[in-house]
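Since the structure comes first, as structure tokens, the remarks are kept for the end.
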Amino acid sequence: MANPATETTRKKRWVFVMEPDRCIDCEACMVACSVENHVPIGEHRNWIAHRETGAFPDLNLSFMPENCHHCDNPPCERVCPTGATYQRDDGIVLIDYDKCIGCKYCIQACPYDARYVNEEKQAVDKCTFCVHRLDAGQPPACVETCIGGARHFGDLNDPESEVSKLLATHDYTRLYEEAGTGPAIYYIRGK
Amino acid sequence: MREVEFHWNVLIVIYLFTAGVSAGAFVISGLATYLGGAKYKRISRIGAMIAPCPLIFGLGMLVFDLTKPLQFWWLFLTVQWTSPMSIGSWLLTFFSLLSIIYFLLWIPRPWRDLLRVPHRWGEIFSPKRWQSLSRRDVGIARRVIAAIGFPVGLGVGMYTGVLLGAIPARPLWNTPMVAQLFLFSAMSTGVATVLLIAALVRDKSDADHLHHERHFLVSVDAVLIVFEIFIIIPFFLHQALNTWSSAESVNLIMGGPYTLAFWVGVILLGLLVPLAIEGFELYPVVWREAAVKYSRLWGGVSAALVLVGGFLLRYIFVYAGQVSHFLPLLER
Ligand code: SF4
Ligand code: SF4
Chain A
1 MANPATETTR KKRWVFVMEP DRCIDCEACM VACSVENHVP IGEHRNWIAH RETGAFPDLN
61 LSFMPENCHH CDNPPCERVC PTGATYQRDD GIVLIDYDKC IGCKYCIQAC PYDARYVNEE
121 KQAVDKCTFC VHRLDAGQPP ACVETCIGGA RHFGDLNDPE SEVSKLLATH DYTRLYEEAG
181 TGPAIYYIRG K
Chain B
192 MREVEFHWNV LIVIYLFTAG VSAGAFVISG LATYLGGAKY KRISRIGAMI APCPLIFGLG
252 MLVFDLTKPL QFWWLFLTVQ WTSPMSIGSW LLTFFSLLSI IYFLLWIPRP WRDLLRVPHR
312 WGEIFSPKRW QSLSRRDVGI ARRVIAAIGF PVGLGVGMYT GVLLGAIPAR PLWNTPMVAQ
372 LFLFSAMSTG VATVLLIAAL VRDKSDADHL HHERHFLVSV DAVLIVFEIF IIIPFFLHQA
432 LNTWSSAESV NLIMGGPYTL AFWVGVILLG LLVPLAIEGF ELYPVVWREA AVKYSRLWGG
492 VSAALVLVGG FLLRYIFVYA GQVSHFLPLL ER
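The listed protein sequences correspond, in order, to chains A and B.
Per our numbering: the first sequence = residues 1 to 191.
Per our numbering: the second sequence = residues 192 to 523.
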């Protein structure tokens with residue numbers, strides 16, 4: 001049986017490739033996102049996860065920029081009772097805010113805690129990969145703003161894209177990949 | 192630690208609990224109708240009178256919890272086969288309908304005559320000629336509705352667990368045993384509600400009648416409690432010996448913040464004490480072929496404890512489950 005979480009069947013597959021080694025936890029991406037997408041105060045569509053590895057005195061802390069993983073096989077979409085959460089052909093997972101009744105089932109189902117309740121919209125909300133910019137040919141706001149160059153964005157199914165080249169030449173991991181969600185955020189392993 | 196936000200709160204707990212009580216009350220009433228007929232008539236009636244009430248209250252809670260309560264009916268514009276909540280909404284609607292019809296069929300005689308239905312096809316369009324149901328018709332109708340509602344009621348009981356269990360991201364919920372546990376607990380809380388009302392209402396039946404009635408209810412409840420215990424034991428064994436995420440998730444009730452509530456509230460007061468009381472009540476029947484040793488006080492206490500335990504069980508699962516998470520959990 002085909003692995004539901006592989007991206008091979010899509011014509012386009014938008015992904016993030018993050019370089020934790022370049023992230024300095026300045027949170028400029030979080031600010032840029034909140035401004036771009038009018039995120040209510042107190043909520044965030046993106047964030048910096050901290051991964052601690054090693055044992056004292058050889059401790060290592062890396063900063064992992066994160067947002068909705070736009071899972072290829074999204075658990076949030078599967079459980080939505082009204083069909084408000086849906087997936088576009090290019091893999092982007094979106095919410096139809098008019099259709100969402102706010103049952104919060106999708107919030108429970110997301111393994112990455114990517115979703116929040118947007119009181120203004122009376123609906124659940126999350127990162128959209130900045131589709132409004134994407135469809136106009138621009139990269140997501142967080143990518144454009146990242147001062148360390150830790151966030152890369154592009155089409156995984158285009159072998160000439162920056163992200164494809166990075167993944168071809170580096171070792172990488174994805175979060176909770178074993179769960180079969182097919183997350184679209186790749187993390188380049190540190191040196 | 193990353194801060195946990197409880198997006199599902201006590202309203203959801205109330206909803207899961209009341210849906211279970213309704214399903215249990217309906218199923219026990221149907222069972223009594225088929226197994227005992229006139230012998231268990233009082234049980235059938237009490238169960239039927241209860242069935243729609245908690246559920247309607249619980250559905251109100253659920254709707255109130257939505258960010259758009261007035262748009263709840265959008266659930267019914269679609270069927271999403273992979274969403275337990277979608278299937279459950281349809282199931283609950285069907286069940287509410289059945290339990291209301293069943294309720295009407297069991298209301299005492301003076302009011303029942305208000306129930307008028309068409310008797311021949313031609314009458315459907317001329318409501319003036321609708322007749323009130325005869326005694327025999329009512330008997331048949333009750334059995335038909337009980338038979339249809341039986342699997343639907345079991346489905347509702349199971350659904351309250353599947354709703355949680357179908358979510359891989361919450362390791363505490365993500366096991367079939369949650370659905371089994373919630374199903375048997377739903378049936379048990381339904382029976383307990385009938386027992387509680389039966390204990391509160393003074394009745395004039397003869398001793399023999401009461402003996403049969405109590406024997407039936409108490410035995411069913413005792414069996415259900417034993418089932419629950421034998422689901423909880425493997426649940427712990429399996430979770431503890433499972434992946435890191437699952438093993439950590441049971442630590443929430445094995446030393447974590449929900450330990451006391453679970454072991455004292457659910458296990459001791461909600462299952463073991465009522466089982467002991469019921470064992471004491473049934474003891475004379477099993478060993479001495481005598482009548483059930485029943486006092487309304489102890490019967491009422493054990494039924495009330497079952498209800499408290501059932502509520503706590505759902506409370507703990509809904510809250511602790513939201514804390515459980517795939518591991519490693521990265522700090523933010
Ligand atoms: S990360 Fe969460 S919200 Fe985003 S697609 Fe996956 S499950 Fe859905
Ligand atoms: S909160 Fe909205 S998007 Fe999420 S599952 Fe419910 S209806 Fe769907």
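Where is the CB? At the ideal position from N, CA and C, for every residue including glycine.
These numbers come from a predicted model, not from an experiment.
Exercise for the section: Give a yes or no on whether the minimum CB-CB distance between proline 367(B) and chain A is below 9 Å. Expected result: Along the second sequence, read from residue 1 onward, the residue named residue 367(B) stands at position 176. Closer than 9 Å: no.
Practice task
Output yes or no for whether 9 Å exceeds the beta carbon distance between isoleucine 291(B) and proline 243(B).
Solution key: Within the second sequence, the letter at position 100 stands for residue 291(B). Within the second sequence, the letter at position 52 stands for residue 243(B). For isoleucine 291(B) and proline 243(B), yes; Cβs fall inside 9 Å.
Exercise for the section: Could you tell me whether any non-hydrogen atom of ligand 2 is closer than 8 Å to the CB of isoleucine 92(A)? Expected result: Within the first sequence, residue 92(A) is the residue found at index 92, counting from 1. At a cut-off of 8 Å, the beta-carbon of isoleucine 92(A) does not count as near ligand 2: no heavy atom of the ligand is closer than that.
Handout entry: Cβ-based neighbour list, glycine 501(B), same chain, cut-off 6 Å, excluding 5 preceding and 5 following
Key = Mapped onto the second sequence, residue 501(B) falls at position 310. Cβ neighbours of glycine 501(B) beyond the five flanking positions: Ser376, Thr380.
Handout entry: Same chain, Cβ closer than 7 Å to asparagine 365(B), five either side skipped, listed in chain order
Key = Translated into positions along the second sequence, residue 365(B) becomes position 174. Cβ neighbours of asparagine 365(B) beyond the five flanking positions: Gly356, Ile358, Pro359.
Problem - Residues from the stretch 12-38 of chain A in contact with chain B, defined by Cβ distance under 9 Å - result: Within the stretch 12-38 of chain A, no residue has a Cβ that lies closer than 9 Å to any Cβ of chain B.
Practice task
Taking serine 280(B) as the query, report the chain A residues whose CB atoms sit under 7 Å from its CB, ordered along the chain.
Solution key: One-based indexing of the second sequence puts residue 280(B) at position 89. Going along chain A in sequence order, the residues near serine 280(B) (Cβ under 7 Å) are Pro81.
Practice task
Below 9 Å between beta carbons is the criterion; list the residues of the stretch 134-151 of chain A that meet it against any residue of chain B, in chain order.
Solution key: none
Exercise for the section: Quick one: residues with CB closer than 6 Å to any heavy atom of ligand 1, in chain order, please. Expected result: Residues flagged by the Cβ proximity filter: Cys68(A), His69(A), His70(A), Cys71(A), Pro74(A), Pro75(A), Cys76(A), Val93(A), Cys110(A), Tyr112(A), Ala114(A), Arg115(A), Lys126(A), Thr181(A).
Handout entry: Under the three-state DSSP convention, the category alanine 332(B) falls into
Key = As a first step, residue 332(B) must be located in the second sequence, where it is residue number 141. In the structure shown, alanine 332(B) sits in a helix (DSSP, three-state: H, G or I).
Exercise for the section: Kindly list the residues whose CB is nearer than 7 Å to the CB of glutamate 522(B), restricted to its own chain and excluding five residues on each side of it in sequence; keep chain order. Expected result: Residue mapping note: residue 522(B) aligns to position 331 of the second sequence, counting from 1. Closer than 7 Å at the Cβ level, and outside the excluded window around glutamate 522(B), lie Arg193.
Exercise for the section: Please classify threonine 284(B): does DSSP put it in a helix, a strand, or coil? Expected result: Here residue 284(B) corresponds to residue number 93 of the second sequence, with the count starting at 1. Of the three classes helix, strand and coil, the one that applies to threonine 284(B) here is helix, per DSSP.
Problem - Distance CB(isoleucine 92(A))-CB(lysine 126(A)) smaller than 9 Å - result: To locate residue 92(A), count along the first sequence from 1; it is residue 92. To locate residue 126(A), count along the first sequence from 1; it is residue 126. No, they are not a contact pair.
Handout entry: Cβ-Cβ distance between phenylalanine 373(B) and glycine 512(B) below 9 Å
Key = Residue 373(B) sits at position 182 when you count from the first residue of the second sequence. Residue 512(B) sits at position 321 when you count from the first residue of the second sequence. No, the pair does not count as a contact, with Cβ atoms beyond the cut-off.
Handout entry: Contact list for histidine 198(B) against chain A, beta-carbon separation under 8 Å
Key = As a position in the second sequence, residue 198(B) is number 7, starting the count at 1. The contacting residues are Lys104, Ile107, Gln108, Val117.
Handout entry: Best match in Glu43(A), Cys23(A), Thr128(A) for proximity to isoleucine 190(A) [C-alpha to C-alpha]
Key = In the first sequence, residue 190(A) corresponds to position 190, counting from 1. Here residue 190(A) is glycine; the residue named in the question, isoleucine, does not match the sequence. The shortest C-alpha separation from glycine 190(A) is found at Cys23(A).
Problem - CB contact flag (cysteine 103(A), cysteine 76(A), <9 Å) - result: Along the first sequence, one-based indexing puts residue 103(A) at 103. Along the first sequence, one-based indexing puts residue 76(A) at 76. Cβ atoms of cysteine 103(A) and cysteine 76(A): not closer than 9 Å.
Problem - Contact under 9 Å by Cβ, valine 15(A) with aspartate 155(A) - result: Here residue 15(A) refers to the residue found at position 15 when the first sequence is read from its first residue. Here residue 155(A) refers to the residue found at position 155 when the first sequence is read from its first residue. Contact: yes.
Exercise for the section: For cysteine 100(A), decide whether its Cβ has a neighbour in chain B, counting only Cβ atoms nearer than 9 Å. Expected result: Residue numbering aside, residue 100(A) sits at position 100 when the first sequence is read from its first letter. Yes, cysteine 100(A) counts as interfacial toward chain B.
Handout entry: Closest Cα partner of proline 245(B) within the set Ser287(B), Gly221(B), Ala229(B)
Key = Residue numbering aside, residue 245(B) sits at position 54 when the second sequence is read from its first letter. Proline 245(B) has its Cα closest to that of Ser287(B), out of Ser287(B), Gly221(B), Ala229(B).
Handout entry: Alpha-carbon spacing of valine 17(A) relative to tyrosine 449(B), whole angstroms
Key = Your numbering for residue 17(A) matches position 17 in the first sequence. Your numbering for residue 449(B) matches position 258 in the second sequence. Distance between the alpha carbons of valine 17(A) and tyrosine 449(B) is about 39 Å.
Handout entry: chain B contact for arginine 192(A) (CB, 9 Å cutoff)
Key = Within the shown structure, residues of chain A are numbered from 1 to 191, placing residue 192(A) beyond reach of any answer.
Exercise for the section: Compare the Cα-Cα distances from histidine 50(A) to each of Ile41(A), Cys80(A), Phe63(A) and report the closest residue. Expected result: On the first sequence, residue 50(A) is found 50 positions in, with the first residue counted as 1. Nearest C-alpha to histidine 50(A): Phe63(A).
Exercise for the section: State the beta-bridge partners of threonine 384(B) as determined by DSSP. Expected result: Numbered from its first residue, the second sequence carries residue 384(B) at position 193. Note: threonine 384(B) sits in no beta bridge, so no partner.
Exercise for the section: Flag methionine 276(B) as yes if its beta-carbon sits less than 9 Å from any beta-carbon of chain A, otherwise no. Expected result: As a first step, residue 276(B) must be located in the second sequence, where it is residue number 85. Chain A, which has a Cβ nearer than 9 Å to the Cβ of methionine 276(B), makes this yes.
Practice task
Could you have a look at tyrosine 172(A) and say whether DSSP puts it in helix, strand or coil?
Solution key: Taking the first residue of the first sequence as 1, we reach residue 172(A) at position 172. Strand at tyrosine 172(A).
Practice task
Assign valine 477(B) to one of two classes, buried (16 or more other C-beta atoms within 10 Å of its C-beta) or exposed (fewer than that).
Solution key: To locate residue 477(B), count along the second sequence from 1; it is residue 286. Label assigned to valine 477(B): exposed.
Problem - isoleucine 107(A): CB within 8 Å of a non-hydrogen atom of ligand 2 - result: Indexing the first sequence from 1 puts residue 107(A) at position 107. Flag set: Cβ of isoleucine 107(A) near ligand 2.
Practice task
Compare the C-beta of leucine 250(B) with all C-beta atoms of chain A and state if any pair is closer than 9 Å.
Solution key: If you number the second sequence from 1, residue 250(B) lands on position 59. Interface residue (Cβ-Cβ distance to chain A less than 9 Å): leucine 250(B) is not classified as such.
Practice task
Taking the CB atoms as reference points, tell me whether methionine 213(B) and glycine 352(B) lie closer together than 9 Å.
Solution key: Numbered from 1 along the second sequence, position 22 holds the residue referred to as residue 213(B). Numbered from 1 along the second sequence, position 161 holds the residue referred to as residue 352(B). A small fix is needed here, since residue 213(B) is serine in this sequence, not methionine. Contact: no.
Problem - arginine 10(A): contacting residues in chain B (beta-carbon distance under 7 Å) - result: As a working mapping, residue 10(A) is identified with position 10 in the first sequence. Listed along the chain, the chain B residues whose CB falls inside 7 Å of the CB of arginine 10(A) amount to none; the nearest CB is some 20 Å away.
Handout entry: Segments of 3+ residues assigned as beta strand (DSSP E) that fall wholly inside the stretch 47-93 of chain A
Key = 60-67, 85-87
Handout entry: CB contact check: alanine 168(A) to chain B, cutoff 9 Å
Key = What you label residue 168(A) is simply residue 168 of the first sequence in a count that begins at 1. Not an interface residue.
Practice task
Give the range of the alpha helix (DSSP H) segment to which valine 17(A) is assigned.
Solution key: Here residue 17(A) is taken as the residue at index 17 of the first sequence, counted from 1. Where valine 17(A) is concerned, there is no enclosing alpha helix (DSSP H), although the beta strand (DSSP E) it sits in stretches over 14-18.
Problem - Residues of the stretch 343-375 of chain B whose Cβ lies closer than 9 Å to any Cβ of chain A, in chain order - result: Answer set for the stretch 343-375 of chain B: Leu354, Leu355, Ala357, Ile358, Pro359, Ala360, Arg361, Trp364.
Practice task
With a threshold of 8 Å, establish whether the CB of lysine 104(A) neighbours any heavy atom of ligand 2.
Solution key: Here residue 104(A) refers to the residue found at position 104 when the first sequence is read from its first residue. Under cutoff, so the answer is yes.
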